[in-house]
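Residue numbers (the numbering used here): 1 to 126. Glycine included, each C-beta is placed from N, C-alpha and C at the ideal position. Just so it is clear, the structure is predicted and the values come from calculations on it, not from any experiment.
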DNA sequence: AAACTGACGTGAT
DNA sequence: CATCACGCCAGTT
């Protein structure tokens, strides 16, 4: 009898990726209004240090069940909006951030002023 | 299968 | 400041 199609073995890499994506999205949800975090910071806080690129990847295609995710609060380590200036998303992110009180000076945001440190407070409520 | 592409980061020049 | 070279890694060509 040939069981070439038996029970599927766990694809650890893919499973790990799905877990990572969950961790990352949940971490971003905890960034409060008026605060921002870098891609690497989110990766670290999510338990996936060194995976900034993965955060970017996840953010570039947010699952529909995460509607309302404060994606605009994730910026690059230089304090700048990572989306290309030419993209419409750039302006949108800039508008959203300014609307929640984030100061953008010369295209840069001060982490000293708005940087989110996991463990600050008020999750769930923005 | 190999090359290329990012919403990245860091260190060197 | 700006650039470059790398390291990184899932997706796309």
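Exercise for the section: Classify residue 40 as helix, strand or coil using the three-state DSSP reduction. Expected result: helix
Exercise for the section: Could you give the DSSP three-state label for residue 58: helix, strand or coil? Expected result: helix
Handout entry: Chain-order list of residues whose beta-carbon lies under 6 Å from that of residue 106 (same chain, five-residue window excluded)
Key = Counting only Cβ-Cβ distances below 6 Å, and skipping sequence neighbours, we find nothing.
Handout entry: Own chain partners of residue 58 with C-beta closer than 7 Å, once the 5 adjacent residues on each side are dropped
Key = Closer than 7 Å at Cβ, skipping near neighbours: 21, 24, 25.
Problem - Spatial distance of residue 36 from residue 87 (CA atoms) - result: 20 Å
Exercise for the section: Kindly indicate which three-state DSSP category residue 83 falls into: helix, strand or coil? Expected result: Assignment of residue 83 by DSSP, reduced to helix, strand and coil, places it in the coil class.
Exercise for the section: Kindly identify the DSSP beta-bridge partner or partners of residue 28. Expected result: None; residue 28 has no bridge partner.
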